[in-house]
Amino acid sequence: MELFALLIILILALGAGLLMQWLPMRHQPRPSWSQRAPFLGGGTPDSHAWNRYHVRYYSMTLLLIAFEMEMMFMYPWAVVFVEKGMKAMMEMGMFLAILSVGIVYAWREGVFKWQ
8 MELFALLIIL ILALGAGLLM QWLPMRHQPR PSWSQRAPFL GGGTPDSHAW
58 NRYHVRYYSM TLLLIAFEME MMFMYPWAVV FVEKGMKAMM EMGMFLAILS
108 VGIVYAWREG VFKWQ
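Right under this line is the structure:
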């Protein structure tokens with residue numbers, strides 16, 4: 008019975024949310040293409056937004072994410088290291104070794120060379 012009441016409340020909340028989204032849009036005119044187009048000083052875009060970035064930036068971005076993930080795990084690790092001792096040190100060593108393999112591979116592929 009409690010599950011049925013929860014389901015009814017969920018359906019009512021979802022219906023109320025959709026109704027509040029739909030009612031204002033029903034009475035407004037649909038904007039024209041020029042109003043919906045991205046702003047570019049009145050001109051049409053020459054290329055798609057994804058074409059502006061060179062592919063070499065993606066590999067550098069992945070390395071940045073790897074470094075950020077490393078730091079995200081190292082801060083709580085410092086707290087755990089006090090409690091766990093050598094076991095935590097070995098776990099962090101394995102984690103850093105895996106990240107180092109990725110960095111060495113990227114270095115060998117020439118990701119760090121900006122030309």
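Each residue of the sequence shown is one higher than the last, beginning at 8 in this note's numbering. The beta carbon of each residue, even a glycine, is placed where N, CA and C say it ideally should be. These numbers come from a predicted model, not from an experiment.
Determine the DSSP secondary structure at residue 107, reduced to helix, strand or coil.
Here residue 107 sits in helix by DSSP.
Residue 43 lies in the alpha helix (DSSP H); which residues open and close that run?
Per DSSP, residue 43 belongs to the alpha helix (DSSP H) from 40 to 43.
Backbone CA spacing between residue 42 and residue 8 [nearest angstrom]
Put simply, the backbone Cα of residue 42 is about 50 angstroms away from that of residue 8.
Rounding to the nearest angstrom, what Cα-Cα distance links residue 119 and residue 113 in this structure?
Rounded to whole angstroms, residue 119 and residue 113 show a C-alpha spacing of 8 angstroms.
Say the cut is 7 angstroms; is the CB of residue 74 nearer than that to a heavy atom of the ligand FMN?
No copy of the ligand FMN occurs in the structure displayed, which carries no ligand at all.
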